Amino acid sequence: MEQQAGQNQLPDQAGISSPPYFNRDLSWLSFNERVLQEAGRQEVPLMERIRFLSIWSSNLDEFYRVRVPALMALEKLGKKKQRSRQEDTFATVSVPAVSAVIHRQQELFGATLAAILPQLSEQHGISLVYNQPIPEIIRTAATDYFYNQVLAFLQPVHLADPNIRFFPENNKLYFLVSVSDAQHADTLLIVAIPSDQLPRFHSIRAGGRLYILFLDDIIRDNLAGVMPQYNIQQLYSFKVTRDGDLGIADEYEGDLAEKIEKQIARRDLGFATRFLYDAQLPAPVLESITSLLSLSNANNMEGGPYHNLKDLSTLPINDPALLYPHWPVSTHTVAGSSLLDEIGQRDLLLHPPYQSYHTVLRFFNEAAIDPWVEEIYITVYRIASDSKIAHALISAARNGKKVVVFVELKARFDEANNVRWAKLLKAAGVQLIYSIPTLKVHAKVALVKKIHLGRTNYYGLLSTGNMNESTARFYTDHLLFTSRSSLLLELEQLFRFLSQRKKPQPGPSLPFSELLIAQFNLQERFLQLMDREIANARQGLPAGIRIKLNNLEERVLINKLYEASAAGVPVELLVRSICCCRPGIPGLSENIRIKRMVDRYLEHGRIFIFTNNGDPELYMGSADWMNRNIYRRIEVCFPILDPALKATMLTLVEGQWKDNTQAVWISPELENIPVTDEEPRVRSQEMISRLLSGKEA
Numbered sequence: 001m002e003q004q005a006g007q008n009q010l011p012d013q014a015g016i017s018s019p020p021y022f023n024r025d026l027s028w029l030s031f032n033e034r035v036l037q038e039a040g041r042q043e044v045p046l047m048e049r050i051r052f053l054s055i056w057s058s059n060l061d062e063f064y065r066v067r068v069p070a071l072m073a074l075e076k077l078g079k080k081k082q083r084s085r086q087e088d089t090f091a092t093v094s095v096p097a098v099s100a101v102i103h104r105q106q107e108l109f110g111a112t113l114a115a116i117l118p119q120l121s122e123q124h125g126i127s128l129v130y131n132q133p134i135p136e137i138i139r140t141a142a143t144d145y146f147y148n149q150v151l152a153f154l155q156p157v158h159l160a161d162p163n164i165r166f167f168p169e170n171n172k173l174y175f176l177v178s179v180s181d182a183q184h185a186d187t188l189l190i191v192a193i194p195s196d197q198l199p200r201f202h203s204i205r206a207g208g209r210l211y212i213l214f215l216d217d218i219i220r221d222n223l224a225g226v227m228p229q230y231n232i233q234q235l236y237s238f239k240v241t242r243d244g245d246l247g248i249a250d251e252y253e254g255d256l257a258e259k260i261e262k263q264i265a266r267r268d269l270g271f272a273t274r275f276l277y278d279a280q281l282p283a284p285v286l287e288s289i290t291s292l293l294s295l296s297n298a299n300n301m302e303g304g305p306y307h308n309l310k311d312l313s314t315l316p317i318n319d320p321a322l323l324y325p326h327w328p329v330s331t332h333t334v335a336g337s338s339l340l341d342e343i344g345q346r347d348l349l350l351h352p353p354y355q356s357y358h359t360v361l362r363f364f365n366e367a368a369i370d371p372w373v374e375e376i377y378i379t380v381y382r383i384a385s386d387s388k389i390a391h392a393l394i395s396a397a398r399n400g401k402k403v404v405v406f407v408e409l410k411a412r413f414d415e416a417n418n419v420r421w422a423k424l425l426k427a428a429g430v431q432l433i434y435s436i437p438t439l440k441v442h443a444k445v446a447l448v449k450k451i452h453l454g455r456t457n458y459y460g461l462l463s464t465g466n467m468n469e470s471t472a473r474f475y476t477d478h479l480l481f482t483s484r485s486s487l488l489l490e491l492e493q494l495f496r497f498l499s500q501r502k503k504p505q506p507g508p509s510l511p512f513s514e515l516l517i518a519q520f521n522l523q524e525r526f527l528q529l530m531d532r533e534i535a536n537a538r539q540g541l542p543a544g545i546r547i548k549l550n551n552l553e554e555r556v557l558i559n560k561l562y563e564a565s566a567a568g569v570p571v572e573l574l575v576r577s578i579c580c581c582r583p584g585i586p587g588l589s590e591n592i593r594i595k596r597m598v599d600r601y602l603e604h605g606r607i608f609i610f611t612n613n614g615d616p617e618l619y620m621g622s623a624d625w626m627n628r629n630i631y632r633r634i635e636v637c638f639p640i641l642d643p644a645l646k647a648t649m650l651t652l653v654e655g656q657w658k659d660n661t662q663a664v665w666i667s668p669e670l671e672n673i674p675v676t677d678e679e680p681r682v683r684s685q686e687m688i689s690r691l692l693s694g695k696e697a
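If you count the sequence shown from 1, position 13 lands on 13 in the UniProt record's numbering, and the numbers rise without skipping.
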């Protein structure tokens, strides 16, 4: 659906000098800084603080793979190609400006880790050997490990050899080794650190302590012993981050899965966006290596002696005292012997990870074996590597049922896993539908069709997150089980449309009214819902908008939020990551308040609440308010119609809005401001855990 004329205009901005939008990339970096802040909090258990450092590092790698290539391309286009000076000011940012923010965060990362390690050692007897020599008490054991396990994987590359053209793989760890030979000629070697084949960390107990060594340091300490022909002068760690775009052409012809497999094989050799190197690397050597490795166009970044610190999450530490305390996980008790029968009687709502995902698995398992279930439909975006849901679908197909699976092969960084499962499903007789040209299908929905005694019954599963039992352990999502025909007949229409593998065309669209579906009615309906709140506010009736999202970028919808604010509608936004809506600007957004929350679980649900003159209307679904979700994806949002379930959701979101422990305010200057002036103290994830487990505080 295209933007309608006039809807992309800001409200009257007379006297407003502040930019109306946050920059997308700086906003994302501010979210990653919030993750870094959590790593620095003394109240967080030590191993969990280390994991937040790992998350920060992993997020940054993805930023360099996905966003930096776009920024570099924009810089090449130049200002003449950009749409307007205003949009240049508000929407784009230079690579040097981004690098400056990242450099500041890297310094905070180093300071945070430096503060954690002594506590780990002094309070718990665990020594993570970091940027220091291997202690003598464990040196022999470390050397034995090197010769017995590590040495087989080392294959030095001589850069001086004219017959060798070395191409560093994406985010793989390397040593640049400066050596001189017997003739005293200086040369450079590259040695790959085999952390993709061996554990990044090796632990050794000695003297009543647990020592944990980086694989890097074990190699560094022993390399000279296996290269006697060289005098090793220095080792410098480095890695290259490459563009993560597969560059798949949208086309109808040919085997898309095969094409994606070929592109995956090439992706690790794509355009270099970052060359991250040890800050001790001398300038002449830096110049030489960037030339030899064809990295002159990459963004050069100084770093520490270790890279890929996302691996910190794999530290061999399992002491419960260093981890979050256990929160109970409740399991839904099925009324009677059949979950499908229970869904036929009433709507159910599941809230993982506070509640067990077993109910979802049972839904598919029952459908696979039920003799009267004839058809099963599901969209798959990110599937678990050992998916029990996929196994149930395979069983259903082998049991003679029609099973139709829409597999989004273009799910970034999950393409290989999705292709693998697509082959297994197809071999079992599952009917596969692949990606739609120019669109991604991001919806998270499933439909079961059962015919018994001449009557057709539908059972649906609509979710805010992927049908993925692995991520369900730490992503907060909400899943609706329903047999409401008003919703499921529309869902059946959507699956019929998806089976055609075509993009929606301008003109009369499918008659969706209950479900909000991107490319058909989603943006239009959200605009109507906000217009109703604006009209109510102007008439002095109860009005309000409360929305929870992962990301908020799309300007038509943001501008409508600004219009609502100008009309006096209170707007409360919970936005985890990217947020381009700027709150608290007089004359523009003074009635908009925005919070961001980071805690032990990743906030992932998308929830939309409209006050509606005291009779709240509530939707949930897969759609963030990003350009990609609104204009380039099929998304599904769905209403919560059961009064009791709606009341539960309103309570949960109210608790999250009141969070003043893990939530921060997003300021008009894009700062993460702690909530310090509210009592009593509320930690919403803990509150929700107690509420859903029946142990209310």
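From the three backbone atoms N, C-alpha and C, an ideal C-beta is built for every residue, glycine too.
Source: prediction; values computed, not measured.
Between residue i and the rest of its own chain, which residues show a CB-CB distance below 7 Å, the 5 nearest in sequence each way excluded?
i, result
"P352", "A472 and D477"
"L198", "Q149, V150, F153 and L215"
"L323", "P45, M47 and E48"
"S27", "I578, C579, C580 and L670"
"L447", "Y377, Y458, G460, L488, L491, E492 and F495"
"D217", "V129 and I134"
"R34", "R596, V598, V664 and N672"
Per DSSP, which residues does residue i bridge with? Please list them.
i, result
"G460", "L447 and T482"
"R274", "T241 and N299"
"R209", "A206"
"R455", "H452"
"V191", "F175"
"Y21", "C581"
"W665", "K595 and I673"
"D186", "S180"
"S470", "The partner list for S470 (beta bridge, DSSP) is empty, contrary to what the question assumes."
"N170", "V240"
"F214", "F201"
"N231", "S180"
"L516", "C637"
By the three-class DSSP mapping on this structure, what secondary structure does residue i have?
i, result
"A392", "helix"
"T438", "coil"
"K410", "coil"
"T476", "strand"
"M687", "helix"
"E617", "strand"
"P674", "strand"
"N148", "helix"
"T489", "What sits at residue 489 in the sequence shown is Leu, not Thr. In this structure, L489 counts as helix in the three-state DSSP scheme."
"H158", "strand"
"Q132", "coil"
"L309", "helix"
"N163", "coil"
"G330", "Strictly speaking, residue 330 in this sequence is Ser, with Gly absent from that position. The answer is strand: DSSP assigns S330 an E or B state."
"Q105", "helix"
For residue i, which residues of its own chain have a beta-carbon under 6 Å away from its beta-carbon, when the five flanking residues on both sides are left out?
i, result
"S337", "none"
"F406", "T379, I433, V441 and L498"
"N536", "A543 and N613"
"M687", "G655"
"D642", "D347"
"K646", "L618 and I640"
Excluding the 5 residues flanking residue i on each side, which residues of the same chain have their C-beta closer than 8 Å to its C-beta?
i, result
"Y174", "P168, I190, V191, A192, I193, S237, F238 and K239"
"G125", "G208, R209 and L210"
"V329", "P353, Y354, Q355, S356 and S693"
Continuous alpha helix (DSSP H) assignments of at least 4 residues falling wholly in the segment 538-610:
Every alpha helix (DSSP H) of 4 residues or more that sits fully in the segment 538-610 is shown, in chain order, as 555-566.
Three or more beta-carbon pairs under 8 Å between the segment 447-456 and the segment 415-435, yes or no?
Touching, no.
Would the segment 582-598 and the segment 667-678 be scored as touching if the rule is three or more Cβ pairs under 8 Å?
At 8 Å Cβ cutoff, the stretches touch.
Count the CB pairs spanning the segment 155-167 and the segment 127-142 that are closer than 8 Å, and state whether there are at least three.
Taking a cut-off of 8 Å for Cβ pairs, the segment 155-167 and the segment 127-142 do not touch, as fewer than three such pairs fall below it.
Minimum length 4: unbroken alpha helix (DSSP H) runs contained in the segment 626-660
Correct list: 627-631 and 643-657.
Meets three-Cβ-pair contact criterion under 8 Å: the segment 304-324 and the segment 34-42:
Pairwise C-beta distances place the segment 304-324 out of contact with the segment 34-42, as fewer than three of them are shorter than 8 Å.
Going along the chain, which unbroken runs of the beta strand (DSSP E) with 3 or more residues stay wholly within the segment 342-405?
Counting whole runs of 3 or more residues, the segment 342-405 contains the beta strand (DSSP E) stretches 348-350 and 373-380.
Per the contact definition of three or more C-beta pairs closer than 8 Å, is the segment 356-371 in contact with the segment 389-401?
Taking 8 Å as the limit for Cβ pairs, the verdict is that the segment 356-371 does touch the segment 389-401.
Taking 8 Å as the threshold, find out whether the segment 543-552 comes into contact with the segment 598-610 through three or more Cβ pairs.
Yes, they touch.
Counting Cβ pairs closer than 8 Å, one from the segment 513-520 and one from the segment 628-639, do we hit at least three?
Taking a cut-off of 8 Å on C-beta distances, the segment 513-520 touches the segment 628-639, as three or more cross pairs fall below it.
Evaluate the contact criterion for the segment 272-291 versus the segment 101-116: three or more CB pairs, one atom per stretch, below 8 Å.
The segment 272-291 vs the segment 101-116: no contact.
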